Amino acid sequence: MGPLLLGAVIAAAGGFAFLNGFHDVSNSVAAAVRTRALTPTAAVLLASLFTLVGALLGSSLALLFVDVAGGLPSGTTGLAILLTALIAACSWGVLTWYRGTPSSSTHALLGGIIGAGVASRFTDHPPMDGADEAFLLRIVLPLALAPVVAYLLAYAAVFPATWLLRHGSPARVNSGNRIAQSVLTGVFALSHGLQDGQRTTAVILLALLGSGFAVGSGVPMWVQVFAALLLTAGALFGGWRITHTLGHRLVHIDPMRGTMAQGISSAMLLIGALILHVPLSSTHTMTSAIVGAGANERFVSVRRPRVLRILLVWLGTAPATALLGAVLFLALSPLL
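As numbered in our numbering, residues 6 to 341 make up the sequence shown, in order.
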């Protein structure tokens with residue numbers, strides 16, 4: 006049963022990576038496509054290339070997830086927790102894509118793991134230990150604070166940008182900002198690869214360690230390449246439902262505010278991955294930055310009912326996947 010479960014976890018992790026790229030490429034391209042800085046095809050190709058590069062560059066966040074997930078039981082129980090969590094996260098990703106709603110794959114995965122871990126306590130199998138201080142401070146807290154920080158920074162960044170560009174003609178200002186957006190599309194995709202590519206890597210590492218495979222102190226190359234290729238493949242197909250939501254249904258955004266949103270969110274993801282070594286949701290960061298930059302206008306441009314619905318989905322992501330992960334684990338547990 007162990008080898009079969011390990012293979013199923015690796016396959017499900019590949020599916021999760023593909024859906025992650027498919028779901029989240031919208032974050033990279035929405036603002037640039039909305040302001041006509043890039044054509045949709047050029048934006049997706051650019052984002053996919055830099056997503057691949059980013060996913061191959063780093064592994065520190067994957068190792069962080071492995072370190073703080075020490076409570077995951079070994080053997081078939083731990084593999085079942087990972088498998089059911091991945092299925093729950095993938096199901097939520099498909100549902101939110103179909104609804105055209107941006108949501109966090111990271112929150113969905115964590116919710117699924119927590120739900121399956123709690124369910125393991127109600128079976129005869131080894132339970133998953135509770136969350137410790139490192140998990141709360143290094144993973145949960147950054148994920149919770151990132152949307153608020155992104156909104157406030159993007160809102161504030163519009164003031165100095167407007168002052169610096171006050172003497173430029175609209176045509177010249179828009180042209181310069183579209184060029185900046187083209188560059189920032191690649192930068193954000195690079196940071197997305199650095200962040201989200203390591204979620205899949207961490208899950209596979211946990212599965213290998215739980216199965217008794219010695220992986221050394223680093224990340225096996227094949228694991229990182231596997232995650233990077235599937236994340237990029239998903240990005241190439243592009244989730245245009247969510248792109249339309251981010252670019253057209255939340256705010257009326259101009260090139261300058263699009264540049265601010267992309268710049269702030271890219272900087273946050275890069276700093277989180279390379280300096281602070283904390284996970285951040287690319288979806289929450291970009292969506293919040295777009296709303297923050299768009300809210301800083303003289304006329305009301307934010308479509309508040311749509312933003313409120315997205316906030317409710319964000320708040321419901323972890324509980325929904327936790328419940329689904331728990332149900333799936335309880336259904337699978339008699340076979341372990």
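For every residue, glycine included, the Cβ atom is placed at its ideal position computed from N, Cα and C. Every value quoted in this text rests on a predicted model; they were computed, and no experiment measured them.
Looking at residue j and residue i, is the spacing between their C-beta atoms short of 9 Å?
{"i": "residue 266", "j": "residue 298", "result": "yes"}
{"i": "residue 31", "j": "residue 107", "result": "yes"}
{"i": "residue 8", "j": "residue 338", "result": "no"}
{"i": "residue 248", "j": "residue 99", "result": "no"}
{"i": "residue 88", "j": "residue 10", "result": "yes"}
{"i": "residue 45", "j": "residue 131", "result": "no"}
{"i": "residue 133", "j": "residue 123", "result": "yes"}
{"i": "residue 260", "j": "residue 143", "result": "no"}
{"i": "residue 218", "j": "residue 271", "result": "no"}
{"i": "residue 191", "j": "residue 317", "result": "no"}
{"i": "residue 224", "j": "residue 68", "result": "yes"}
{"i": "residue 207", "j": "residue 70", "result": "yes"}
{"i": "residue 167", "j": "residue 198", "result": "no"}
{"i": "residue 258", "j": "residue 36", "result": "yes"}
{"i": "residue 62", "j": "residue 195", "result": "yes"}
{"i": "residue 290", "j": "residue 273", "result": "yes"}
{"i": "residue 25", "j": "residue 264", "result": "no"}
{"i": "residue 20", "j": "residue 234", "result": "no"}
{"i": "residue 255", "j": "residue 280", "result": "no"}
{"i": "residue 200", "j": "residue 310", "result": "no"}
{"i": "residue 246", "j": "residue 104", "result": "yes"}
{"i": "residue 160", "j": "residue 300", "result": "yes"}
For residue i, count neighbouring C-beta atoms within 10 Å of its own C-beta (all shown protein chains included) and say buried if the count is 16 or more, exposed if not.
{"i": "residue 334", "result": "buried"}
{"i": "residue 156", "result": "buried"}
{"i": "residue 171", "result": "exposed"}
{"i": "residue 72", "result": "exposed"}
{"i": "residue 262", "result": "buried"}
{"i": "residue 327", "result": "buried"}
{"i": "residue 372", "result": "This structure gives no information on residue 372, because the portion of the chain shown stretches from 6 to 341."}
{"i": "residue 177", "result": "exposed"}
{"i": "residue 141", "result": "exposed"}
{"i": "residue 23", "result": "buried"}
{"i": "residue 91", "result": "buried"}
{"i": "residue 174", "result": "exposed"}
{"i": "residue 120", "result": "buried"}
{"i": "residue 29", "result": "buried"}
{"i": "residue 43", "result": "buried"}
{"i": "residue 251", "result": "buried"}
Can you tell me whether DSSP reads residue i as helix, strand or coil?
{"i": "residue 339", "result": "helix"}
{"i": "residue 134", "result": "coil"}
{"i": "residue 42", "result": "coil"}
{"i": "residue 367", "result": "The requested residue 367 does not occur in the structure, where the chain is confined to residues 6 to 341."}
{"i": "residue 301", "result": "coil"}
{"i": "residue 29", "result": "helix"}
{"i": "residue 290", "result": "helix"}
{"i": "residue 250", "result": "helix"}
{"i": "residue 314", "result": "helix"}
{"i": "residue 6", "result": "coil"}
{"i": "residue 321", "result": "helix"}
{"i": "residue 23", "result": "helix"}
{"i": "residue 127", "result": "coil"}
{"i": "residue 150", "result": "helix"}
{"i": "residue 285", "result": "coil"}
{"i": "residue 330", "result": "helix"}
{"i": "residue 180", "result": "helix"}
{"i": "residue 174", "result": "coil"}
{"i": "residue 143", "result": "helix"}
{"i": "residue 270", "result": "helix"}
{"i": "residue 163", "result": "helix"}
{"i": "residue 307", "result": "coil"}
If residue i sits next to residue j, beta carbons under 8 Å apart, how far is it from one beta carbon to the other, in whole angstroms?
{"i": "residue 64", "j": "residue 282", "result": "Contact doesn't hold; Cβ gap of about 11 Å is too wide."}
{"i": "residue 94", "j": "residue 114", "result": "4 Å"}
{"i": "residue 286", "j": "residue 148", "result": "6 Å"}
{"i": "residue 331", "j": "residue 202", "result": "Not confirmed; about 27 Å, so no contact."}
{"i": "residue 325", "j": "residue 97", "result": "6 Å"}
{"i": "residue 158", "j": "residue 269", "result": "5 Å"}
{"i": "residue 323", "j": "residue 116", "result": "3 Å"}
{"i": "residue 210", "j": "residue 228", "result": "7 Å"}
{"i": "residue 82", "j": "residue 341", "result": "6 Å"}
{"i": "residue 52", "j": "residue 33", "result": "4 Å"}
{"i": "residue 14", "j": "residue 243", "result": "Actually they do not touch by this definition, with Cβ atoms about 27 Å apart."}
Q | Unbroken stretches of the alpha helix (DSSP H), 4 residues or longer, contained in the stretch 187-245 | A | As far as the stretch 187-245 is concerned, its whole alpha helix (DSSP H) runs of at least 4 residues are 226-242.
Q: Write down every uninterrupted run of the alpha helix (DSSP H) in the stretch 31-114 whose length is 4 residues or greater and which is fully enclosed by it, in chain order.
A: List check, alpha helix (DSSP H) in window: 45-62, 65-73 and 80-103.
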